[in-house]
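Chemist: Note that the protein sequences, when read in sequence, are chains A, B and C.
This note's numbering puts the first residue of the first sequence at 1, with every later residue one more than the last.
This note's numbering puts the first residue of the second sequence at 1001, with every later residue one more than the last.
This note's numbering puts the first residue of the third sequence at 2001, with every later residue one more than the last.
Ideal Cβ placement from N, Cα and C applies to all residues, glycine included.
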Amino acid sequence: MRYYDRLIFELSKKGRTGYSLQAPQVKAECTIPSGLLRAEAPALPEVSEVDVVRHYTNLSQMNFGVDTGFYPLGSCTMKYNPKINEEMANLAGFQGIHPLQDASTVKGVKEVYDVLDSYLATITGMKHFTFKPCAGAHGELTGLMIMRSYHMSRGDMARTKVIVPDSAHGTNPASASVCGLEIVVVKSNANGLVDVEDLKPLLGPDIAGIMMTNPNTCGLFEKDIKEIADLVHECGGLLYYDGANMNPLLGAVRPGEMGFDIMHLNLHKTFSTPHGGGGPGSGPVGVCEKLVPFLGQNVSGFNGNFGVIVRALAYVLMLGKQNLRLAGRLATLNANYIKESLRDAYKLPIGSVCKHEFVFDGLIDDGSATGKPGATTLDVAKRLLDFGYHAPTIYFPLLFHQALMIEPTETESKETLDAFIDVMHTIAAEAAQDPEILHAAPHCAPITRPDETTAARNPILKYQDEA
Amino acid sequence: MSTVKEGLLYSESHEWVKVDGPFAYVGISDFAQEEMGDITYVDLPDLENVVKGEEFGALESVKASSDLYAPVTGIIAERNTDLEDQPEALNEDPYGSWILRVHITNPAELDELMDAAAYEAYLAK
Amino acid sequence: MTKFAYFPHTEEDIQVMLERIGVKSMDDLYCDVPAEFFHTEEYDLPDAMSEQQVREYFDSLVAKNPKLKVFVGAGAYDHYTPSVIPYLTSRSEFITAYTPYQCEISQGTLRYIFEYQSMICALTGMDVSNASMYDGPTAAAEAMRMCLACTRKKSTVLLSKSLLPTVSGVVETYAKFYGTKLQYIDTVDGMTSLESLKSLLESGEVAGAIVPSISRYGVIEDLSGFADALHAAGAILVEYCDPSALAVLKTPSEWGADVAVGDGQSLGIPLCYGGPYVGFMAVKKEHMRKMPGRIVGETKDGQGRRAFVLTLQAREQHIRREKATSNICSNESLMALWVTIYLSVMGPQGMKEVNEQSYAGAHYLYDELLKTGKFEKVFDAPFLKEFVLRPLVDVKALQTKLYEAGFFAALETEEGYVSFCVTEKRTKAEIDALVAAVKEA
Chain A
1 MRYYDRLIFE
11 LSKKGRTGYS
21 LQAPQVKAEC
31 TIPSGLLRAE
41 APALPEVSEV
51 DVVRHYTNLS
61 QMNFGVDTGF
71 YPLGSCTMKY
81 NPKINEEMAN
91 LAGFQGIHPL
101 QDASTVKGVK
111 EVYDVLDSYL
121 ATITGMKHFT
131 FKPCAGAHGE
141 LTGLMIMRSY
151 HMSRGDMART
161 KVIVPDSAHG
171 TNPASASVCG
181 LEIVVVKSNA
191 NGLVDVEDLK
201 PLLGPDIAGI
211 MMTNPNTCGL
221 FEKDIKEIAD
231 LVHECGGLLY
241 YDGANMNPLL
251 GAVRPGEMGF
261 DIMHLNLHKT
271 FSTPHGGGGP
281 GSGPVGVCEK
291 LVPFLGQNVS
301 GFNGNFGVIV
311 RALAYVLMLG
321 KQNLRLAGRL
331 ATLNANYIKE
341 SLRDAYKLPI
351 GSVCKHEFVF
361 DGLIDDGSAT
371 GKPGATTLDV
381 AKRLLDFGYH
391 APTIYFPLLF
401 HQALMIEPTE
411 TESKETLDAF
421 IDVMHTIAAE
431 AAQDPEILHA
441 APHCAPITRP
451 DETTAARNPI
461 LKYQDEA
Chain B
1001 MSTVKEGLLY
1011 SESHEWVKVD
1021 GPFAYVGISD
1031 FAQEEMGDIT
1041 YVDLPDLENV
1051 VKGEEFGALE
1061 SVKASSDLYA
1071 PVTGIIAERN
1081 TDLEDQPEAL
1091 NEDPYGSWIL
1101 RVHITNPAEL
1111 DELMDAAAYE
1121 AYLAK
Chain C
2001 MTKFAYFPHT
2011 EEDIQVMLER
2021 IGVKSMDDLY
2031 CDVPAEFFHT
2041 EEYDLPDAMS
2051 EQQVREYFDS
2061 LVAKNPKLKV
2071 FVGAGAYDHY
2081 TPSVIPYLTS
2091 RSEFITAYTP
2101 YQCEISQGTL
2111 RYIFEYQSMI
2121 CALTGMDVSN
2131 ASMYDGPTAA
2141 AEAMRMCLAC
2151 TRKKSTVLLS
2161 KSLLPTVSGV
2171 VETYAKFYGT
2181 KLQYIDTVDG
2191 MTSLESLKSL
2201 LESGEVAGAI
2211 VPSISRYGVI
2221 EDLSGFADAL
2231 HAAGAILVEY
2241 CDPSALAVLK
2251 TPSEWGADVA
2261 VGDGQSLGIP
2271 LCYGGPYVGF
2281 MAVKKEHMRK
2291 MPGRIVGETK
2301 DGQGRRAFVL
2311 TLQAREQHIR
2321 REKATSNICS
2331 NESLMALWVT
2341 IYLSVMGPQG
2351 MKEVNEQSYA
2361 GAHYLYDELL
2371 KTGKFEKVFD
2381 APFLKEFVLR
2391 PLVDVKALQT
2401 KLYEAGFFAA
2411 LETEEGYVSF
2421 CVTEKRTKAE
2431 IDALVAAVKE
2441 A
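1) Is there at least one Cβ from chain C nearer than 9 Å to residue 1045 of chain B's Cβ?
2) Counting contacts by CB-CB distance shorter than 9 Å, is residue 217 of chain A in contact with chain B?
3) Under a three-way DSSP split, which group does residue 375 of chain A fall into?
4) Among all the DSSP beta bridges, which residues are the ones paired with residue 238 of chain A?
5) Closer than 9 Å by beta-carbon distance: list the chain A residues that pair up with residue 1094 of chain B, in chain order.
6) What separation, rounded to the nearest whole angstrom, lies between the Cα atoms of residue 13 of chain A and residue 1056 of chain B?
7) Starting from residue 2391 of chain C, trace the beta strand (DSSP E) both ways and give me its first and last residue.
8) Does the stretch 2164 to 2176 of chain C come close enough to the stretch 2220 to 2230 of chain C to have 3 or more Cβ pairs within less than 8 Å?
9) Is it true that the CB of residue 2213 of chain C sits closer than 9 Å to the CB of residue 2186 of chain C?
10) Give the DSSP-derived three-state secondary structure of residue 2299 of chain C in the structure shown.
11) Nearest to residue 302 of chain A by CA position, among C/2401, C/2166, C/2429 and C/2268, is which residue?
12) Which runs of the alpha helix (DSSP H), 4 residues or longer, sit entirely within the stretch 2133 to 2159 of chain C?
13) Do we get a CB-CB distance below 9 Å when we pair residue 1040 of chain B with the residues of chain A?
14) Compute the Euclidean distance between the alpha carbons of residue 458 of chain A and residue 397 of chain A, then round it to the nearest angstrom.
15) For the stretch 292 to 306 of chain A and the stretch 126 to 138 of chain A, state whether three or more C-beta atom pairs, one from each stretch, are separated by less than 8 Å.
16) Could you tell me whether the Cβ of residue 457 of chain A comes closer than 9 Å to any Cβ of chain B?
17) Residues of chain B with a CB under 7 Å from the CB of residue 376 of chain A: which are they?
18) Indicate the three-state DSSP secondary structure (helix, strand or coil) for residue 2119 of chain C in the structure shown.
19) Mind checking residue 2134 of chain C: buried by the 16 CB within 10 Å criterion, or exposed?
20) Look at the Cβ atom of residue 502 of chain A, then the Cβ atom of residue 2260 of chain C, and state whether they are nearer than 9 Å.
21) Is the beta carbon of residue 2145 of chain C less than 9 Å from the beta carbon of residue 2266 of chain C?
22) Tell me the residue span of the alpha helix (DSSP H) that contains residue 435 of chain A.
23) Would you check if the distance between the CB atom of residue 1044 of chain B and the CB atom of residue 1100 of chain B is smaller than 9 Å?
24) Is it right to say residue 189 of chain A is buried, meaning 16 or more other beta carbons lie within 10 angstroms of its own, or is it exposed?
25) Whole angstroms is fine: what's the gap from residue 2098 of chain C's alpha carbon to residue 65 of chain A's?
26) How do the stretch 2111 to 2129 of chain C and the stretch 2200 to 2207 of chain C stand: do at least 3 beta-carbon pairs fall below 8 Å, yes or no?
27) Could you compute how far the alpha carbon of residue 202 of chain A sits from the alpha carbon of residue 54 of chain A?
28) Below 8 Å on the Cβ atoms is my guess for residue 2237 of chain C versus residue 2219 of chain C; work out the distance and round it to an integer in Å.
29) Is DSSP giving residue 107 of chain A helix, strand or coil here?
30) Counting C-beta neighbours from all protein chains within 10 Å, is the total for residue 2087 of chain C 16 or more, i.e. buried, or is it exposed?
31) Could you please tell me which residues of the stretch 435 to 453 of chain A, in chain order, have their CB closer than 7 Å to any CB of chain B?
32) Take every Cβ of the stretch 2291 to 2298 of chain C, pair it with every Cβ of the stretch 2106 to 2115 of chain C, and state whether three or more of those distances are shorter than 8 Å.
33) Look at the alpha carbon of residue 2062 of chain C and the alpha carbon of residue 2347 of chain C, and state the distance between them as a whole number of angstroms.
34) What are the start and end residues of the alpha helix (DSSP H) that includes residue 1016 of chain B?
35) Reducing DSSP to helix, strand and coil, say where residue 1103 of chain B ends up.
36) If we ignore side chains and look at the alpha-carbon of each, how far apart do residue 11 of chain A and residue 167 of chain A end up?
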C-alpha cells in the first residue's frame, strides 16, 4: 500500500466529461419556472473516465480487505466472500427489476425470498423471516418492534423495558432506545456470562423481553440459557437473539430451540456477503410461530437489500447441508487454536473453551518494566498493521480495560493462523523489550496515526471546508 | 497524578463547585479531565434550571462521551460559551474553567458535597 | 470429511489443531453447550451444489421474471449506470473491507466517503452530510427523530401528504414505537399546502415538518414560505429530495431547509428489486451534532500529511449506547461509492443532460398519452420526469396489457390515478411503443 493524496475534485478541469449518454431523443422546451430551479450548477468534479478509473483504483490500493489478508476482527465475522455470489447478484435479469412490479412479473425474485426464508428457518429453528431490515442494527430495531407489537396486541401496555447484558453490542441499547424502550442492564458474572441471580430481581410485569447474543461478546456460550429463557418467559417477556454471533452455531445449535422467540441474522457476517466498507448489509429477522402475525413491520422503502439476499442464498446452496454442518465447528476450532497458542503472551481473563471468538485483556508483559510507558491494546493493534494484518476488535467488550477480541472465521487455513500467531508473539516480544516500537506503529501503512482530536475539535467534513 | 484544589467542593461524579455568594461556579475536576482525555466538545443544552444529580450537559472526547451531572440545584445564571470554541480549556486548566454559573436555590445541598480532603480520599479508594 | 473450496483445513490440520487445544474432536469444543441443544446431524437442507449448478439455478430464477421496460418511478428510478461503476465498486479492496475503524489501512474508504459527503453537500447546498443511511425512507425516519432532538420538549412532527407512501409508511413505523405524534399537511393541486402547514403550527407542539421536493404526483413543489413559517414556530424543515433532480431544481438550502434527506438510488444505482440503495442526510451546521450515522473528517497524520478519519463519534451507538443519536452502525458504504463514482463521471454537465432528457421524454409521453383519449389531466403544474393522469379505462386491464407488451407502466396511486416516469434511458422508440400498446389496450 502506498500513500496517494488526491481527491477527485482536484483532478477536475472545466469542460471535461466522463459520461456517454444517448443523443437527445425528443426535444422539449423547459417550462419549469426559474423560481423552482437552482441558481448555480452543483460543484461536482469535471473529469474523464480514465481520471475516474485511475483515481478510484489508487484509492482502493490504500484499503485492506478480506481479499488482501487475514482480518481477525472480533464480532465482525470477516469470512471469505465467495465470488460466485457476486456474479449471481449482478445478473442483469435481477438488476433491472423495479421494486413495485406486480407479483406476477417477479416470480423468480419471490422464489429467492421464499427459498432463503425456508433455509434460514431450518438453520435457526425460527418459523419465518422478514427481509426488510437493511443491516444488523436495523434488524434489532425491527425485532424489538415485533416484541412490542406482540405485547400491545395483548393489551399488555406496561411492558416498556428491555433487559440488555452489560457485555452487549452498543447497538442493542441504542436500538431499544429508538424503539421507545427503556433499558435495564443485567450484569455479567466472573465467568463472563449473564448473572442469573442478578437477572431474577429485574424480571417483572414491566419487562418486554431480553436481548442476548449467544455465544456472547466474550465468545462464551451462555450455558444457563435454558434457565434464563424459562425465567423470562415465566415473567411474560420474550427473548431476542442478536445474531451477530451466530457463526459458531452454524450446523450445531438452533437459537429457536434455546428458547429465543425473535432473532436477526447478519447476512454480511454468517452468510458471507461482503461488508462493502460498511454496508450494504442485510439483517433479516426471524420469529417463532406465535409471532409470525407481527413480522410485517414496515421498516424500509421496498423489499430489503435484494442484492445481498441473492448472495446469501448462493452461499447456502454452495455449502449445502454437508458444509454448513462444518462451518461453525471450523470457526470454533480456529478461534480456540489461536487462543491456546497465544495465552503465554497475552492475558486471557477467561480461560474456558470459546466459540468463534475470544478476548485477551492486553499483553502479559507490556514493557513498562523498561521504564517507558507500556504498550497498550491500541499499540498492538496498530503494530499488526505493519505485518500485513487487519487489527482485532479493540476495547470491546467493555468488561475488560485492554480488550483485544479475535475472531478468525472458518475460511482461514492453519498456515495463516500460524503466521498470525508468530507475529503476535513477535509483537509481544517487541513490547517487552522496547514498547516505543509499538507506540509509533504503524510504520508501513499509507499514513501514520492521524490527529483525531483536531478532526473532532475543528471538523472539516467536505472538500469545500478546506481552507 | 491528578490534583485536587483546596477551597472547592466536589461531587462523586467529579464536578467541582466554587461558592461565590448566592452563586455557584461548576466545573470538572482534574481527575475527570484526565479520564476523558482530549475533550473535543462541550454540549451545553439550553436549560433554565439544573437539579442536583440530574444531567445538564455532556463532554465529548474522540472515543468517549461523559454526561455532566449538576452538583447543586439552581437557576442557570450563565454558561461559559467560550468552551464551545475552546473545549481544550477544560484539559489545560480544569479548575480555572467553569462551565456554569448557577444561582443556588437550595444551599443546604452544599453540605452533601465533599471538601478537597474528602474528595482526595474518595479518589484514593 | 468432504473437501470444500472455502474451507482450507486438511484432516491432518484439524488433528494437529485439536491436539494443541487439548480436545479430541471438534464436537468437544461445544462441551459447554447443553446436550439438548447440540446437533451432530446435518440440517434437512439440499446437498452442496457445484458452482455450475448454482449458476444454472439462478439463471432459471431470472428466466421466471419477464424483462420489462420500466416507465415507473415512485421512489426507484431507472437511470443509466455507466460501466465504470460496477467495475470499480467490485474491486476487492473496496468490497471486502469492513467499516473503516483502522484508518491507517482504510484511507481508500475514508477518502471516497469524504468525497461522497462533499458531493451530497454540493447537490443539496447543505453544510454537512453523513456517510450515508440505509435508504431514503429510513433517512426520513431518522430525520423525524432529529426534529425532536433539535427542538426540545416538542412531540409532533408533520408529514406532507404528498410524500411517497414508501416514505411516510416507514416514518409512521418509527413514530409509532418512538412515541412521536404525526400530523399530516394537506395537499392542494398536487403540492403541499402552506396554509395547511400554518394552521397545524398553531398548536405550538410542532418540532418539524417533512416535505418533498417533488410530490408523489410528480409535481415540483413550491416551498416558498415553508422554512419561515416553521422557524417562526421554533420548528425545523426537512426536505425529502430526489438527488438526481437536485442537479437542476432549487436546493433544500435555497428553500431554507434545515435537513435534506432522500434516496441516492436515482444516482445510477440499478433498480435491483429495491436494494441495495443508499439513503442520504445532510444538515445545516448547527444541527451537525444531532445528526445520526458515521461522519468522515479531514485531519493530518503524524507526518503532517492529509489523512481522513471517522469523526464526531461521540454521537454514536458504540460510545453513547442508549443515548446515541441513532442505533445505526454501518451505513451503505459501497453504495455511497457507487453514487460518488456516478457523480464523478457525470459531472455538472452530465447531470444537467440527464434531467433535460428525462424532462423531454416525460413531457413527450405525457402529451402522447393524453392524445390517446384514455386519460385526463389531473394537475396543471410543472413536473420533471414523473407525472400522474386520471385513467378513463380499467387500470388493472391496462396494466396487464402493458406487462404483456413488455412494459412496467401506469402504476396506480391510492387516489386511482396512474403514474408514469421517463428517464434518459428510454428511447423515443420505446416511448412510442408504450403509447402504441396503450392505444391497443
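Modeler: Let me lay it out:
1) Output row for residue 1045 of chain B: interface = yes.
2) no
3) coil
4) A/209
5) Correct list: empty, because the minimum Cβ distance to chain A is about 17 Å.
6) 50 Å
7) 2386 to 2391
8) no
9) No. Outside cutoff.
10) strand
11) C/2166
12) Runs of the alpha helix (DSSP H) lying entirely within the stretch 2133 to 2159 of chain C, each at least 4 residues long, are 2136 to 2150 in chain order.
13) By this cut-off, residue 1040 of chain B is an interface position.
14) 30 Å
15) yes
16) Yes, contact with chain B.
17) What residue 376 of chain A touches in chain B: nothing, since even the nearest Cβ is about 12 Å away.
18) helix
19) buried
20) The question about residue 502 of chain A has no answer, for chain A in this structure spans 1 to 467.
21) Contact flag unset, no.
22) 435 to 439
23) yes
24) exposed
25) Each residue's alpha carbon lies about 7 Å from the other.
26) Contact between the stretch 2111 to 2129 of chain C and the stretch 2200 to 2207 of chain C is absent, because fewer than three Cβ pairs lie under 8 Å.
27) 58 Å
28) Incorrect: roughly 18 Å between the Cβ atoms, too far for contact.
29) helix
30) exposed
31) For the stretch 435 to 453 of chain A, which is checked against every Cβ of chain B, the residues closer than 7 Å are 452 and 453.
32) yes
33) 34 Å
34) Residue 1016 of chain B -> not in any alpha helix (DSSP H); beta strand (DSSP E) instead, spanning 1015 to 1020.
35) Residue 1103 of chain B falls in the strand class under three-state DSSP.
36) 47 Å
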